[in-house]
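Encoded as structure tokens, the structure appears first; notes follow it.
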Amino acid sequence: RHQQPRRAKTMADEEVTIFDKIVAGDIPSDKIYEDDICIAFNDIAPAAPTHFLVIPKNRDGLSRLCKAEERHKELLGHLMYVAQLVAKQQGLEDG
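For this note's numbering, count along the sequence shown from 1 and bump the result up by 8.
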């Protein structure tokens with residue numbers, strides 16, 4: 009029985025991105041936080057001593073901030089909250 013590879017949840021007409029592959033586990037990442045909504049991981053080419061990304065597991069059309077719609081407000085709030093939480097966990101006391 010052939011099993012389909014896991015994929016991040018995206019809208020059917022969206023192109024699969026490197027971030028979708030990270031969420032799906034197809035590309036390894038140095039995860040530093042994960043919950044049901046998002047993951048945070050260290051950047052592979054950091055531009056600062058502490059440089060991480062927080063991305064949604066289901067981007068629901070939110071591939072760029074400029075594509076945000078009213079329906080994304082709760083998700084964006086969660087991503088911001090997780091970013092400051094992880095920043096504090098990483099020793100950035102001011103978040």
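We treat Cβ as the ideally placed atom computed from N, Cα and C, and that holds for glycine.
Contact annotation: the segment 35-44 touches the segment 81-98, with at least three C-beta pairs closer than 8 Å. VAL94 sits in a helix when the DSSP states are folded into three classes.
Per the coordinates, the alpha-carbon of CYS46 lies some 20 Å from the alpha-carbon of PRO54.
When DSSP reads this structure, GLU42 sits in a beta bridge with ILE47.
Excluding five sequence positions before and after SER37, the CB atoms of its chain that fall closer than 6 Å to its own CB belong to ILE30, PHE49, given in chain order. Taking all protein chains shown into account, ILE63 has 16 or more neighbouring C-beta atoms within 10 Å of its C-beta and is therefore buried. Per DSSP, the continuous alpha helix (DSSP H) segment holding VAL31 begins and ends at 26-32.
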